[in-house]
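J.: Got a structure for you, questions after.
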Amino acid sequence: MESNHPHFKLILGSSSIARRKILTDMGYQFTLMSADIDEKSIRKEKPEELVLALAETKADAIVSKLQISECEDEEQPRVLIASDTAEAIMQRIPDGENIEEDKSTLLITCDQVVVYEDAVREKPSSVEEAREYIRGYSKGHTATVSSVAVTNLKTGVRKGGVDRVEIYFNEIPEETIEKLIEEGMVLKVAGALLIEHPLILPCVKEVVGTTDSVMGLPKELTEKLIKEVLAST
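Residues in the sequence shown are numbered consecutively from 4, following our numbering.
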């Protein structure tokens with residue numbers, strides 16, 4: 004698919020299939036890079052502050068890694084998108100696809116937590132914790148808080164924002180919970196929350212917000228921040 008914005012390039016630094024799909028659906032072309040940070044070392048009182056701090060820390064870490072890589076190889080990509088999953092494999096722009104000097108280079112980093120009864124939930128640390136998380140959602144409600152930070156590596160301008168979505172559930176059968184646990188995907192996401200999963204989707208009563216935000220990359224916020232960063236000189 005052709006990029007919506009041929010005057011800049013993108014790199015997605017995530018092993019999140021959902022984020023990759025969302026970015027592709029938005030019409031962007033991208034390559035991959037990772038952000039390796041200790042997320043547990045960053046703590047904030049409010050979930051909005053936490054996710055934004057994590058997104059900005061990932062941006063700083065990837066910029067440092069990118070600068071080192073550029074010293075070793077002039078063809079290393081300079082634009083990237085990163086997310087809360089910091090295990091993606093670095094991919095280089097193919098030979099012959101050098102970045103033109105007049106192109107802006109954008110770094111996008113993201114993070115997400117789930118908020119349940121005022122408590123922040125990150126990725127479950129065990130099967131039992133994941134089971135407890137999902138049981139709590141049954142006939143209840145939770146929220147996702149997602150951050151996006153966009154940095155123009157050419158100008159140094161950075162813009163960030165946060166998006167919150169409220170999710171209400173019908174009863175989640177115990178059999179459904181066990182199937183989700185056995186499958187394992189819920190262990191890899193914040194709050195063990197996968198509302199787009201075929202097993203959970205029928206149990207979702209209402210979503211106040213957008214599904215793409217729940218999946219980790221709010222489209223509207225991302226587009227807004229990209230435009231703001233490109234417009235700033």
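Idealized CB from N, CA, C, for every residue including glycine. All values derive from a computational prediction rather than experimental measurement.
Cα-Cα, which of 47, 38, 159 is closest to residue 231?
T.: One-based indexing of the sequence shown puts residue 231 at position 228. The shortest C-alpha separation from residue 231 is found at 159.
J.: What would DSSP say about residue 59, mapped onto helix, strand or coil?
T.: One-based indexing of the sequence shown puts residue 59 at position 56. It is helical.
J.: Could you tell me which of 234, 185, 37 sits nearest to residue 134, measuring between CA atoms?
T.: For this step, residue 134 is matched to residue 131 along the sequence shown. With distances taken between Cα atoms, residue 134 lies closest to 185.
J.: If you count every other CB in all the chains shown that lies within 10 Å of the CB of residue 10, and 16 or more means buried, which is it?
T.: Along the sequence shown, read from residue 1 onward, the residue named residue 10 stands at position 7. So residue 10 counts as exposed.
J.: Can you find the residues in the same chain that come closer than 8 Å, C-beta to C-beta, to residue 193, ignoring five residues on each side of it along the sequence?
T.: Along the sequence shown, read from residue 1 onward, the residue named residue 193 stands at position 190. Taken in chain order, the residues that qualify are 87, 115, 116, 117, 124, 125, 126, 147.
J.: For residue 217, report the span of its alpha helix (DSSP H) as first-last.
T.: As a working note, residue 217 is residue 214 in the sequence shown. Residue 217 -> alpha helix (DSSP H) spans 214 to 217.
J.: What's the C-alpha gap between residue 229 and residue 107?
T.: As a first step, residue 229 must be located in the sequence shown, where it is residue number 226. As a first step, residue 107 must be located in the sequence shown, where it is residue number 104. Looking at the two C-alpha atoms, the distance is approximately 11 Å.
J.: Residue 233 to residue 155, Cα distance in whole Å?
T.: To locate residue 233, count along the sequence shown from 1; it is residue 230. To locate residue 155, count along the sequence shown from 1; it is residue 152. Taking the straight line joining both Cα atoms gives about 7 Å.
J.: Considering only DSSP beta bridges, list what residue 165 is partnered with.
T.: What you label residue 165 is simply residue 162 of the sequence shown in a count that begins at 1. Residue 165 pairs with 150.
J.: For the alpha helix (DSSP H) containing residue 140, name the first residue and the last one.
T.: Translated into the one-based positions of the sequence shown, residue 140 becomes position 137. Segment 130 to 140, the alpha helix (DSSP H) holding residue 140.
J.: Pull the bridge partners of residue 12 from the DSSP assignment, please.
T.: Position 9 of the sequence shown, counted from the first residue, corresponds to residue 12. According to DSSP, which records beta bridges pairwise, residue 12 is partnered with 108.
J.: Under DSSP, the beta strand (DSSP E) around residue 185 begins and ends at which residues?
T.: The count along the sequence shown starts at 1 and reaches residue 185 at position 182. Careful: residue 185 lies outside any beta strand (DSSP E), inside the alpha helix (DSSP H) at 177 to 186.
J.: How would you call residue 235, buried or exposed, if buried means at least 16 neighbouring beta carbons within 10 angstroms?
T.: Translated into the one-based positions of the sequence shown, residue 235 becomes position 232. The residue is exposed, with fewer than 16 neighbouring Cβ atoms inside 10 Å.
J.: Who are residue 35's beta bridge partners in DSSP?
T.: The count along the sequence shown starts at 1 and reaches residue 35 at position 32. Per DSSP, 15.
J.: Assuming residue 149 and residue 211 form a contact by the criterion Cβ under 8 Å, report the distance between their Cβ atoms to the nearest whole angstrom.
T.: Here residue 149 corresponds to residue number 146 of the sequence shown, with the count starting at 1. Here residue 211 corresponds to residue number 208 of the sequence shown, with the count starting at 1. Wrong, their Cβ atoms sit about 14 Å apart, outside the cutoff.
J.: Check each candidate in 139, 112, 219, 71 and name the one with the smallest Cα separation from residue 171.
T.: Working through the sequence shown from its first residue, we reach residue 171 at position 168. If we check each option's Cα against that of residue 171, 139 comes out closest.
J.: Please state the DSSP three-state secondary structure of residue 124.
T.: Numbered from 1 along the sequence shown, position 121 holds the residue referred to as residue 124. In this structure, residue 124 counts as strand in the three-state DSSP scheme.
J.: Looking at the secondary structure, which residues open and close the alpha helix (DSSP H) in which residue 210 lies?
T.: Along the sequence shown, read from residue 1 onward, the residue named residue 210 stands at position 207. Segment 207 to 211 is the beta strand (DSSP E) holding residue 210; no alpha helix (DSSP H) there.
J.: Can you give me the Cβ contacts of residue 199 inside the same chain, cut-off strictly under 8 Å, excluding the 5 residues immediately before and after it?
T.: If you number the sequence shown from 1, residue 199 lands on position 196. Taken in chain order, the residues that qualify are 21, 214, 217, 218.
J.: If you follow the alpha helix (DSSP H) that residue 20 is in, where does it begin and where does it stop?
T.: Counting from one through the sequence shown, the residue named residue 20 turns up at place 17. Where residue 20 is concerned, the enclosing alpha helix (DSSP H) stretches over 20 to 28.
J.: What does the alpha-carbon distance come out to for the pair residue 112 and residue 202?
T.: Taking the first residue of the sequence shown as 1, we reach residue 112 at position 109. Taking the first residue of the sequence shown as 1, we reach residue 202 at position 199. For residue 112 and residue 202, the distance between alpha carbons rounds to 29 Å.
J.: Indicate the three-state DSSP secondary structure (helix, strand or coil) for residue 65 in the structure shown.
T.: As a working mapping, residue 65 is identified with position 62 in the sequence shown. In the structure shown, residue 65 sits in a helix (DSSP, three-state: H, G or I).
J.: Are residue 33 and residue 15 touching if we call contact CB-CB under 9 Å?
T.: Position 30 of the sequence shown, counting from 1, holds the residue named residue 33. Position 12 of the sequence shown, counting from 1, holds the residue named residue 15. Cβ distance < 9 Å, so residue 33 and residue 15 count as in contact.
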